[in-house]
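Here the structure comes first, spelled out in structure tokens, and everything after it is commentary.
Residue numbers (the working numbering), protein chains in the order written: chain L, 1 to 113; chain R, 114 to 224.
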């Protein structure tokens, strides 16, 4: 298995909802990443997990809460989002933090209404 | 500050070689040149990386100038499926080094 799987592919949520994005990989990678991508912009790093511990938080608002339950899974919990948080959320993994060969998922297209 | 400079867009005819330039005049000795691409509505895809020697894999070739201040990604026989935004990224392989995307370059392969 050489893929990063993200679910759901599309999500529409209200500003008072709580939802979660899921990311899964079975390549034995020990680093996992969340990126956010607005339309016509490059991906922006949000969080880095290394060996299931949070390594980098790029000053992301607390309404985004990451979780890494095990080495294969990465979640992004969403609460009280704003319409401007609508974006494509991308998950990636790599053999270890900083190593070559990031594998990205296809993303979750999030719309906040 | 962006570490790389790429033209915003480029066109290429199908079947021809696509040569994608990237300037990285402030690159450090321990920094690698990475190329990723992002096809519309998909996640970025790793293409190739190099330090100072030219590199080739099944997807592309990477030519790095001797002074390492610029590089060229070569897609030898471009197809319509190669239409994408291509990102040239300079970074070291240290554990805390982030993968930071710049604006990239839109390559359009025309029939």
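Ideal placement from N, C-alpha and C gives every residue a C-beta, glycine not left out.
To the nearest angstrom, report how far apart residue i and residue j are at their CA atoms.
i, j, result
"residue 111 (chain L)", "residue 169 (chain R)", "40 Å"
"residue 128 (chain R)", "residue 217 (chain R)", "23 Å"
"residue 41 (chain L)", "residue 87 (chain L)", "10 Å"
"residue 48 (chain L)", "residue 105 (chain L)", "15 Å"
"residue 50 (chain L)", "residue 27 (chain L)", "15 Å"
"residue 187 (chain R)", "residue 173 (chain R)", "6 Å"
"residue 18 (chain L)", "residue 131 (chain R)", "45 Å"
"residue 60 (chain L)", "residue 147 (chain R)", "26 Å"
"residue 22 (chain L)", "residue 205 (chain R)", "29 Å"
"residue 96 (chain L)", "residue 212 (chain R)", "13 Å"
"residue 184 (chain R)", "residue 38 (chain L)", "28 Å"
Report the three-state DSSP secondary structure of residue i (helix, strand or coil).
i, result
"residue 124 (chain R)", "strand"
"residue 194 (chain R)", "helix"
"residue 83 (chain L)", "helix"
Is the Cβ-Cβ distance between residue i and residue j less than 9 Å?
i, j, result
"residue 92 (chain L)", "residue 32 (chain L)", "yes"
"residue 54 (chain L)", "residue 43 (chain L)", "no"
"residue 125 (chain R)", "residue 222 (chain R)", "yes"
Should residue i be flagged as near chain L, meaning a C-beta pair shorter than 9 Å?
i, result
"residue 211 (chain R)", "yes"
"residue 119 (chain R)", "no"
"residue 145 (chain R)", "yes"
"residue 199 (chain R)", "no"
Any beta carbon of chain R sitting closer than 9 Å to that of residue i?
i, result
"residue 107 (chain L)", "yes"
"residue 163 (chain L)", "Since the first and last residues shown for chain L are 1 and 113, residue 163 (chain L) lies out of range."
"residue 45 (chain L)", "yes"
"residue 66 (chain L)", "no"
"residue 8 (chain L)", "no"
| message | Three Cβ pairs or more, each shorter than 8 Å: is that satisfied between the region 138–153 of chain R and the region 161–176 of chain R? | response | yes
| According to a CB-to-CB cut-off of less than 9 Å, which residues of the region 76–99 of chain L neighbour chain A? | Checking the listed chains, one finds no chain A in this structure; the protein chains it contains are L and R.
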